[in-house]
Amino acid sequence: MGRDPVTKPKISDARASFDRRSFLRGMGGVALGLPFLESLPERSAWAAGHAPVFSLFICAVDGVVPASFFPSAVGALTTDGLAAAGKATSQLAAHAQNLLFIKGINWPAGPKGDSHAESLCMALTAMPTATTGSKATSAGPSADWVIARKVQAQTPPLTLFAGLKNGYIGERLSFSEAGKVTEASNNPYTLYQQLVGIVSPNGTPAPGAEEAKRLLFQSRKSIHDLVRDELRALMGNSRLSAADRQRLQLHFDSIRDIENTMDGMGTDLVNRCAWGGLEITKLEALQNFTFKTDGMIEDIARLQMSLVALAFACNYNRTATLQWGGGTDETRYPVPSNEELGLWTFNQICHRIQSDSATGNNPVAAQAHAEIDILRMQTLAAGLDHFKARGLQDKSFVLWTNAIGDCPSDSTRNLPHIIWGSGGGYLKQGAFVDAGTTNNNRILNTLISAAIQDTGETMNNFGTGTPGQLDVALA
């Protein structure tokens with residue numbers, strides 16, 4: 001069997017044209033982007049009055065337990081009401097005012113060969129697949145690529161992964177064009193290097209990279225240490241408002257939290273070597289870390305989201321995808337009911353039988369699935385905390401959906417959609433709505449339009465299905 005056609009993102013030189021004043025620069029050439037500062041627009045990641053809209057598309061795998069996932073009835077979402085609902089999405093209660101839950105959205109076709117691969121291909125393309133089976137490919141580009149081409153010239157979207165990439169079904173979410181899946185990174189360290197200026201967006205070493213790596217890794221310095229002089233000068237600027245000073249503090253506190261998290265994950269990321277103490281010669285090994293199926297996926301997903309929030313706040317990239325798991329996910333989640341089963345893989349739990357092909361009705365597996373739904377919503381909430389801390393509620397949206405609507409049927413109907421953020425005021429907030437029975441092209445038309453609104457364009461004919469946008473999702 002031949003290799004899949006894979007798009008390796010190629011970054012144009014457009015990134016180099018970004019205003020250098022929107023970065024703090026320090027020893028070893030390390031650079032760190034700044035958030036938007038109302039009182040110092042000349043030092044901000046984007047111009048005053050021209051705030052871009054950022055978009056993150058997340059697709060998880062192996063379905064949900066519908067009866068215990070969303071609230072029982074549509075209507076307004078409040079913190080107290082969502083917390084009291086007793087559903088998996090109750091874990092998102094702290095974000096209720098910024099959430100939009102949508103039910104009644106279908107993929108454009110049912111499965112023909114392998115539902116897990118084909119569903120991933122349809123999630124962001126809104127088109128039936130061009131080919132079928134475990135190596136299914138898309139019939140067109142995905143929404144992230146459409147957005148990227150309209151708002152950031154030839155700079156491709158960030159394409160990220162959390163899970164085992166060399167499993168039965170790998171990345172199948174982001175497509176640059178029909179049949180060309182985009183290679184996704186499942187190591188958060190790769191994006192971190194780009195964000196702190198160790199490597200350029202196209203993966204080549206930045207000027208002074210070796211010295212920067214030595215300072216960050218051998219000397220166990222935080223990036224805070226390396227940009228301290230410029231940060232101190234900026235914080236002392238008499239024009240900096242109290243609100244912007246607080247925004248900067250949150251920005252840098254969050255970055256330090258990311259560094260601490262990566263440091264703590266070091267023994268799992270690379271052959272039990274601590275991240276903070278790595279030798280430069282170990283960096284190549286770090287970029288090819290061994291993924292573990294013991295629940296590490298949640299740590300990786302959370303860290304990827306935190307880095308995307310940082311990338312958006314610094315206007316490093318305007319759109320991204322995160323595939324949350326391989327198509328037939330092999331994670332052995334250590335939740336109580338799965339421990340009772342003897343730690344089945346998530347795909348087996350989805351099938352309700354210890355098999356990757358047959359289907360069953362094991363009630364303990366169903367309970368384990370419900371517990372995993374809760375865990376994944378806790379991870380999503382933690383990731384959204386980073387977006388909220390950076391003030392991205394009205395400057396972005398985060399879509400979370402699942403490739404499968406229900407297990408063990410592998411349904412492609414009534415796929416859960418969770419949207420956080422107003423997308424620049426374009427999207428409804430604080431509500432659970434019913435889309436009726438409609439293909440996902442209409443919600444993707446809506447989200448693409450939100451993401452490109454600063455261009456003056458809208459999208460009404462993406463994918464296949466009834467043209468137009470999803471009215472119940474509009475502000």
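The numbering used here puts the first residue of the sequence shown at 1, with every later residue one more than the last. Heads up, the beta-carbon is just placed ideally off N, CA and C, and yes, glycines get one too.
Here DSSP, grouped into helix, strand and coil, assigns Pro-156 to coil. Residues Met-122, Ala-126, Met-127, Pro-128, Asn-439, Asn-440, Asn-441, Gly-463, Thr-464 and Gly-465 of the same chain have their beta carbon placed closer than 8 Å to that of Pro-108, with the five preceding and five following residues left out of the count. In the three-state scheme derived from DSSP, where H, G and I count as helix and E and B as strand, Gly-430 is classed as coil. Secondary-structure assignment with DSSP links Ile-418 through a beta bridge to Phe-101 and Trp-400.
The beta carbon of Ser-449 sits closer than 6 Å to the beta carbons of Thr-458 and Met-459 from its chain, once the five residues preceding and following it are set aside; these are given in chain order.
Taking Pro-334 as the centre and dropping the five residues before and after it, the same chain places the C-beta of Asp-294, Gly-295 and Leu-343 closer than 8 Å to its C-beta, in chain order. In chain order, Ile-102, Ile-105 and Thr-401 place their CB closer than 6 Å to the CB of His-417, counting only its own chain and leaving out the 5 sequence neighbours on each side. For Gly-75, DSSP records a beta bridge to Phe-432. In this structure, the beta-carbon distance from Tyr-168 to Asp-471 does not fall below 9 Å. DSSP, reduced to helix, strand and coil, places Ser-55 within a strand of the structure shown.
Between Ala-60 and Ser-396, the alpha-carbon positions lie close to 20 Å from each other.
Rounded to the nearest angstrom, the Cβ distance from Ala-370 to Ser-68 is 5 Å, consistent with a contact under 8 Å. Inter-residue distance for Leu-474 and Phe-312 is about 23 Å (C-alpha atoms, whole angstroms). In this structure, DSSP gives Ala-162 an extended state, which the three-state scheme calls strand. Residue burial annotation: Lys-87 is buried, with at least 16 other C-beta atoms found within 10 angstroms of its C-beta.
Residue pairing for Lys-180: DSSP places it in a beta bridge opposite Glu-177. Taking the C-beta atoms as reference points, Val-398 is found nearer than 9 Å to Ser-55. The shortest CA-to-CA distance from Ala-143 to any of Gln-354, Thr-455, Thr-321 and Ile-419 is the one to Thr-321.
Separation of the CB atoms of Gly-327 and Ala-130 is rounded to 17 Å, and the pair is thereby denied contact status at 8 Å.
Around the CB of Pro-336, fewer than 16 other CB atoms lie within 10 Å, so the residue is classed as exposed. Of the other Cβ atoms in all chains shown, fewer than 16 fall within 10 Å of the Cβ of Gly-236; this residue is therefore exposed. Here the alpha carbons of Leu-120 and Ala-94 stand approximately 29 Å from one another. Rounded to whole angstroms, the separation of the alpha carbons of Leu-240 and Pro-188 is 32 Å. Nearest to Arg-302 by C-alpha distance, out of Ala-96, Asp-385, Ala-368 and Gly-170, is Asp-385. Excluding sequence positions up to five before and after Asn-361, its CB lies within less than 6 Å of the CB of Arg-352, all in the same chain and listed in chain order.
Around the beta-carbon of Ser-411, 16 or more other beta-carbon atoms lie within 10 Å, marking it buried. In this structure Ser-238 is exposed. Its beta-carbon is surrounded by fewer than 16 other beta-carbon atoms within 10 angstroms. One thing to note: Val-65 has its Cβ within 9 Å of the Cβ of Asp-373. Assignment of Ser-185 by DSSP, reduced to helix, strand and coil, places it in the strand class. Burial state of Glu-171 is buried, judged by a 10 Å Cβ sphere holding 16 or more other Cβ atoms. For Thr-132, the secondary structure class from DSSP, reduced to helix, strand or coil, is coil.
Here Ala-368 really is in contact with Asn-338; their C-beta atoms are around 4 Å apart, less than 8 Å. Per DSSP, Gln-393 lies in no beta strand (DSSP E) and is assigned neither H nor E.
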